[in-house]
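First the structure, in the form of structure tokens, and then the observations on it.
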Amino acid sequence: MAKMVRRTCAFCSDGEAASIMYVAKEQNIAAHQNCLLFSSGFVESEEYNPENLDLRFDVESVLNELKRGKRLVCNFCRKKGATVGCEERACRRSYHYFCALCDDAAIETDEVNGVYRVFCSKHDPGNRTNHYDAANKRKRHTSKSSTIMEQMRAEETAEENRLRILRRKSSRHKVRIDFLRKCKQAGLLDDIFEEMLDTLHLAQEKLMDDNTSETEYEETVISLFDCGLFENILTNIHSGTEEKIQELLESKKRLDNQIELLQELKEVSLPSQESAAS
1 MAKMVRRTCA
11 FCSDGEAASI
21 MYVAKEQNIA
31 AHQNCLLFSS
41 GFVESEEYNP
51 ENLDLRFDVE
61 SVLNELKRGK
71 RLVCNFCRKK
81 GATVGCEERA
91 CRRSYHYFCA
101 LCDDAAIETD
111 EVNGVYRVFC
121 SKHDPGNRTN
131 HYDAANKRKR
141 HTSKSSTIME
151 QMRAEETAEE
161 NRLRILRRKS
171 SRHKVRIDFL
181 RKCKQAGLLD
191 DIFEEMLDTL
201 HLAQEKLMDD
211 NTSETEYEET
221 VISLFDCGLF
231 ENILTNIHSG
241 TEEKIQELLE
251 SKKRLDNQIE
261 LLQELKEVSL
271 PSQESAAS
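Numbering (my numbering), first residue to last: 1 to 278.
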């Protein structure tokens, strides 16, 4: 009896499950539809026919995109093969498609015009939430050839993926916490923070140096914002600045009143001076 074989997507870091999978038997390659559509360097085949989706992708383009992904590290799982880039031109974040969902990236889909875009959470133009569910709902509503059973399966798959994303997020946080605890127990925490301080001092020197090239300056700024800490500190400083301004305004008001009283006192003659004059 012939056996069925479970195929793994060539683009996913952990072989995530999804409803639509394309397989090139001659190259022994399989890939999810979304992993292909949202890859930044991938272009759909010119032979695209909505009535025959099997002609949607050509194998050579898939191989080229896989080759390009070997140099790209995912911002979420830190593994290579991250072909889905943030659409913000200055942003260097790249993901696997499912990792982008885990990192709360914004998904924009326009099947009519063939637009499939991803924005990282920092550059989300609409600051939306639940991007994955919204994207899947749009796809289900715009799919003309879907049957009722296909829609139900798509909804079940979306729910399964949502739960998988939550589990992966929880697992990732737990790994990070356990790792830092072990570093503390091994006496490495001080060394880690010293290394962080050295890196920040180096970044500070680059930003303060007028001879730093524009490219290096931009890379340093992007790195500072990508780590998250710099932006949080700036936010705190900004909120603290507002409080400082209010304090200074109140202090200025008190000083103005004091100056006004001193001016009035200056204009008042002492009684002894009046007696001497008379």
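By construction, the Cβ of each residue, glycine as well, lies at the ideal position given by its N, Cα and C atoms.
Check                                                                                                                                                                    : Outcome
Do Tyr97 and Phe76 have their C-beta atoms closer together than 7 Å?                                                                                                     : no
Does DSSP put Ala100 in a helix, a strand or coil?                                                                                                                       : helix
Measure the C-alpha to C-alpha separation of Asp103 and Ser121 and round it to an integer number of angstroms.                                                           : 7 Å
Within 10 angstroms of its Cβ, does Ile179 collect 16 or more other Cβ (buried), or is it exposed?                                                                       : Correcting the residue type first, residue 179 is Phe in the shown sequence and not Ile. Result: exposed.
If you run the structure through DSSP and keep just helix, strand and coil, what is Glu26?                                                                               : coil
Roughly how many angstroms lie between the CA atoms of Phe230 and Leu224, to the nearest whole one?                                                                      : 6 Å
Work out the CA separation of Phe42 and Ser61 for me, nearest whole Å.                                                                                                   : 7 Å
Taking the C-alpha atoms as reference points, what is the distance between Tyr22 and Asp124?                                                                             : 29 Å
What's the gap between the Cα of Gln258 and the Cα of Ile237?                                                                                                            : 31 Å
Which term fits Tyr116, buried or exposed, when burial requires 16 or more other beta carbons within 10 angstroms of its beta carbon?                                    : buried
Which residue or residues does DSSP assign as beta-bridge partners of Ala106?                                                                                            : Phe119
By alpha-carbon positions, which one of Ala31, Glu87 and Leu202 ends up nearest to Leu63?                                                                                : Ala31
Given Gln27, which residues of its chain have a CB within under 6 Å of its CB, disregarding the five upstream and five downstream residues?                              : Val59
In terms of residue numbering, what span does the alpha helix (DSSP H) encompassing Ile291 cover?                                                                        : For the chain, the structure presents residues 1 to 278; residue 291 sits outside this window and is missing.
Enumerate in chain order the residues of its own chain whose CB-to-CB distance from Ala105 is below 7 Å, with the five nearest sequence positions on each side excluded. : Tyr95, Val118, Phe119, Cys120, Ser121 and His131
Considering just the uninterrupted stretch of the alpha helix (DSSP H) at Ile192, what are its terminal residues?                                                        : Leu189 to Met208
Roughly how many angstroms lie between the CA atoms of Ile233 and Ile177, to the nearest whole one?                                                                      : 22 Å
What residue range is occupied by the uninterrupted alpha helix (DSSP H) comprising Asn75?                                                                               : Premise fails: Asn75 is in no alpha helix (DSSP H) and is neither H nor E.
Just to confirm the assignment, what range does the alpha helix (DSSP H) spanning Gly69 have?                                                                            : Val59 to Gly69
What does DSSP give as the partner residues of Ala31 in its beta bridges?                                                                                                : Tyr22
Considering only their Cβ atoms, is the gap separating Lys80 from Lys70 smaller than 7 Å?                                                                                : yes
Which whole-angstrom value describes the C-beta separation of Ser40 and Val84, a residue pair presumed to lie in contact below a C-beta threshold of 8 Å?                : 6 Å
Would you tell me roughly how many angstroms separate the C-alpha atoms of Lys253 and Val268, rounded to the nearest one?                                                : 23 Å
Quick check: the Cα distance between Asp198 and Cys35, rounded to an integer number of angstroms?                                                                        : 38 Å
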